[in-house]
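>
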Amino acid sequence: MSHEALENLLKEDRVFEPSLEFAAEANAQPEIYAEADADRLAFWAKQARLLHWDQDFTQVLDWSDAPFAQWFADGRLNVAYNCVDRHVESGHGDQIAIRFEGEPGDQRNITYSELLAEVSQAANALIELGITAGDRVAIYLPMIPEAIVAMLACARIGAAHSVVFAGFSAEALRSRIEDASAVLVITADGQNRRGSVMPLKPAVDEAADTSPTVRNVLVVKRTGQEVEWNTDRDIWWDDIVARQEPVHVPESFPAEHPLFILYTSGTTGKPKGILHTSGGYLTQVAYTHRVAHDLKPDTDVFWCTADIGWVTGHSYIVYGPLANRATQVIYEGTPDTPDQARWWDIIERHKVTILYTAPTAIRTFMKWGDEFPQSKDLSSLRLLGSVGEPINPEAWMWYRDVIGGNACPIIDTWWQTETGGMMISPLPGITGTKPGSAMRALPGISIAVVDEEGRPVGNGGGGYLVLTEPWPGMLRGIWGDPERYKETYWSRFPGWYFAGDGAKLDTDGALWLLGRVDDVMNVSGHRISTTEVESALVSHPQVAEAAVVGAADETTGQGIVAFVILRGGITQPGGDGSALIQELRQHVAKEIGPIAKPRQIMIVPELPKTRSGKIMRRLLRDVAEHRDLGDSTTLADPNVMNLIGAKMETAPPED
Ligand code: PRX
Numbered sequence: 337m338s339h340e341a342l343e344n345l346l347k348e349d350r351v352f353e354p355s356l357e358f359a360a361e362a363n364a365q366p367e368i369y370a371e372a373d374a375d376r377l378a379f380w381a382k383q384a385r386l387l388h389w390d391q392d393f394t395q396v397l398d399w400s401d402a403p404f405a406q407w408f409a410d411g412r413l414n415v416a417y418n419c420v421d422r423h424v425e426s427g428h429g430d431q432i433a434i435r436f437e438g439e440p441g442d443q444r445n446i447t448y449s450e451l452l453a454e455v456s457q458a459a460n461a462l463i464e465l466g467i468t469a470g471d472r473v474a475i476y477l478p479m480i481p482e483a484i485v486a487m488l489a490c491a492r493i494g495a496a497h498s499v500v501f502a503g504f505s506a507e508a509l510r511s512r513i514e515d516a517s518a519v520l521v522i523t524a525d526g527q528n529r530r531g532s533v534m535p536l537k538p539a540v541d542e543a544a545d546t547s548p549t550v551r552n553v554l555v556v557k558r559t560g561q562e563v564e565w566n567t568d569r570d571i572w573w574d575d576i577v578a579r580q581e582p583v584h585v586p587e588s589f590p591a592e593h594p595l596f597i598l599y600t601s602g603t604t605g606k607p608k609g610i611l612h613t614s615g616g617y618l619t620q621v622a623y624t625h626r627v628a629h630d631l632k633p634d635t636d637v638f639w640c641t642a643d644i645g646w647v648t649g650h651s652y653i654v655y656g657p658l659a660n661r662a663t664q665v666i667y668e669g670t671p672d673t674p675d676q677a678r679w680w681d682i683i684e685r686h687k688v689t690i691l692y693t694a695p696t697a698i699r700t701f702m703k704w705g706d707e708f709p710q711s712k713d714l715s716s717l718r719l720l721g722s723v724g725e726p727i728n729p730e731a732w733m734w735y736r737d738v739i740g741g742n743a744c745p746i747i748d749t750w751w752q753t754e755t756g757g758m759m760i761s762p763l764p765g766i767t768g769t770k771p772g773s774a775m776r777a778l779p780g781i782s783i784a785v786v787d788e789e790g791r792p793v794g795n796g797g798g799g800y801l802v803l804t805e806p807w808p809g810m811l812r813g814i815w816g817d818p819e820r821y822k823e824t825y826w827s828r829f830p831g832w833y834f835a836g837d838g839a840k841l842d843t844d845g846a847l848w849l850l851g852r853v854d855d856v857m858n859v860s861g862h863r864i865s866t867t868e869v870e871s872a873l874v875s876h877p878q879v880a881e882a883a884v885v886g887a888a889d890e891t892t893g894q895g896i897v898a899f900v901i902l903r904g905g906i907t908q909p910g911g912d913g914s915a916l917i918q919e920l921r922q923h924v925a926k927e928i929g930p931i932a933k934p935r936q937i938m939i940v941p942e943l944p945k946t947r948s949g950k951i952m953r954r955l956l957r958d959v960a961e962h963r964d965l966g967d968s969t970t971l972a973d974p975n976v977m978n979l980i981g982a983k984m985e986t987a988p989p990e991d
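For the sequence shown, my numbering begins at 337 and goes up steadily by one.
1. Is I727 closer than 8 Å to D748 when the C-beta atoms are compared?
2. Using alpha carbons as the reference points, say which of G772, K703 and A374 lies closest to E725.
3. Pull up the CB-CB distance for A839 and W848, whole angstroms please, since I reckon it's below 8 Å.
4. Look at D398 and L413 and say whether their C-beta atoms are less than 8 Å apart.
5. Which class does F596 belong to by DSSP, given the choice of helix, strand or coil?
6. Near ligand 1, which residues have their beta-carbon closer than 7 Å to a heavy atom?
7. Hey, R435 and H686: beta-carbon distance below 8 Å or not?
8. For V555, which three-state DSSP category applies?
9. How about the stretch 357-369 and the stretch 588-599: do they share at least three Cβ pairs that are nearer than 8 Å?
10. Would you say E324 and E482 are within 8 Å of each other, going by their C-beta atoms?
11. Which word fits D991, buried or exposed, when buried means at least 16 other C-beta atoms lie within 10 angstroms of its C-beta?
12. Thinking C-alpha only, which one of V621, V785 and H629 is nearest A364?
13. Near P586, which residues of its chain fall below 7 Å by C-beta distance, leaving aside the five closest residues on each side in sequence?
14. How far does the beta strand (DSSP E) with L465 in it extend, from its first residue to its last?
15. DSSP on Q443, reduced to helix/strand/coil?
16. Under 6 Å Cβ to Cβ from R699, same chain only, skipping five residues before and after it: list those, please.
17. If you run the structure through DSSP and keep just helix, strand and coil, what is S456?
18. Who does H497 pair with in a DSSP beta bridge?
19. Ends of the alpha helix (DSSP H) at M702?
20. Are the stretch 546-557 and the stretch 495-504 in contact at 8 Å, needing three or more beta carbon pairs?
21. Could you give the residue range of the beta strand (DSSP E) that holds G798?
22. Considering Cα atoms alone, identify which of V485, S547, A872 and P478 is closest to A524.
23. I believe I310 touches L717 by the beta-carbon criterion, under 8 Å. Please report the beta-carbon distance rounded to the nearest angstrom.
24. Figure out for me which residue from C490, S782, A743 and G768 has the closest Cα to the Cα of I760.
25. For H428, does the three-state DSSP call read helix, strand or coil?
26. Would you kindly check if the distance between the Cβ of V654 and the Cβ of M992 is under 8 Å?
27. Who pairs with T1005 in a beta bridge, going by DSSP?
28. With a cut-off of 8 Å on the beta carbons, I'd call D373 and F393 a contact; round off their distance for me.
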């Protein structure tokens, strides 16, 4: 589409209505909004009862100890039973649950019966290793079926998993193991990334060696590479899991039994362990996957491209889709291996019908060129989803046009690690969509956009996004830190959950997300706090001070830009400083993980500070985004910005 055509489309403020065919067959029909509005709790109870409860609940919500919620509290269920066994029991054991494709091209189809056998064996293995309900198990695995099996095995025996993204560093893994006192780590020898074999076990060794709570490390053989072995601690998955009985009787747990902890960045240097429990979480992810992704279990092939290390992988690879008896594609590797048509090749061969991905990926594919998707048959697709960051109208239109062939509704879904499942999204058979807008809250969810004082802004206004009623998938707290939970989410607007996002309502009442309003960056749909990167930088012996900002980036949404003051008043490191800058970038990768590597590092003589010593990030963002500097009169030393601005002009961006 030409730029002009796009401009015209957007100018018209065009609304894309669902086709009549799609609307007629959609899982959610228009009455759903009124039904939820009429009696929200009854609506949620109805969604919950689509799961299998070993013991039904009598109370839907207990909010008496707000903001600590209990949903379906006296109900009992087993999450893994709901995701696996019941589909086998209802006669769908031969349906493929997982169509796995490794990066090198190896394939493995796993039916629901096979998944049940494997999850049962893994559960028995965990029991043999002494894991009991309430224990925490760290999972540090690539995108292979064993990752899903491991998560479900934990859920089955009531152990909480803490999945750590396999791209995180040994130190990031260690601190998460420590925070949750994990007793077991499940990992692999390595993973396939971009045509090479990358080791995973060394990071686990480094983390486990200094984690006294870890009794064992369970290692999946994925790449077959050499690994160091600690015979007192390490066990091959194949040795212990394969010899177990493929039968395990699931125990039922209270609805509020912890299901998992997932760490995410906040505004301080220490990631928060977001706690989710069983019944409410499973209810919300199954419900949203049914109504927003519109899954038809008998005919759809679902593909969510997220990694299980993030909440999207938890909710829309493992729990939502499996609770709904989906057949889904799991892909291990990168989108450009062996070439830039890999995803489209996967869609063609597996006849994927529903694709759920992130705007960063879409923008990357736009940059690579239309010829790659156009070289494959994508006509199996019938619904497209977006998640993780604001999707710009251009990317939205390209997604619709080039990937969806102008025939697929797009759902732009807003939610967070904390919300457990989707909160704001069009319903594909009902809601007309505007390119770039997440449109409205899902049935059962209550939101508002408010000003500084908490007054709703109304249509045409912008402000802060808040969630005004509790919801079943909500986080139950921050692991080990109830005060931080109250303070972070519930103190800014008492009684309401403050999401940390800015939003506006257009004159038609459609909702547009405007990005974070706190010191959290969103890089390729991943949350990283500025403070975390700053702490990593100042832990380098040559760094005295650091300030980090997220600057607009065409592909990744935001890019990390760091301003660094060196120790000993050095303003000009030896040579052109590029060796040191590379070293600092590597240092951040080692401390946190490659995703946190700054895009640019500027060595500066001073940082802009207010007279009370607070760093003025707004000014740094202006510099990083090459804007004219805003008001700097509150600076202790107004000259600082001239020095920094001059630096930025001359410094080349890093690779
Ligand atoms: O800023 C919002 C952005 O991602 C944040 C949540 O990040 P995380 O917990 O890592 O979960 C990402 C996957 C759900 C939000 O506070 N975000 C997420 N989805 C959208 C979004 N921003 C705009 N539009 C979205 N659809």
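Think of the CB as a built atom: it goes at the ideal place given N, C-alpha and C, for glycine as much as any other residue.
The structure says:
1. yes
2. G772
3. 6 Å
4. no
5. strand
6. T600, W646, V647, T648, S722, V723, G724, E725, P726, I727, D748, T749, W750, W751, Q752, T753, E754, A774, A835, G836, D837, L849, G851, R852, N858, G861, H862 and R863
7. yes
8. strand
9. no
10. Residue 324 is absent from the model: the chain starts at 337 and stops at 991.
11. Only weak support is given to the placement of D991: the predicted model assigns it a pLDDT of 45, under 50, and the value that follows is read from those uncertain coordinates. Per the 10 Å Cβ criterion, exposed.
12. H629
13. N414, A416, Y417, D421 and R492
14. Unbroken run through L465: none, as it is neither H nor E.
15. strand
16. A731 and T891
17. helix
18. V473 and F596
19. P695 to W704
20. no
21. G798 to L803
22. P478
23. Residue 310 falls outside the range modelled here, since the chain spans only 337 to 991, and no answer is possible.
24. S782
25. helix
26. Residue 992 lies beyond the range of the chain shown here (337 to 991); nothing can be said about it.
27. Because the chain spans 337 through 991 in this model, residue 1005 falls outside it and cannot be assessed.
28. With 8 Å as the limit, D373 and F393 do not qualify as a contact, their Cβ atoms being about 22 Å apart.
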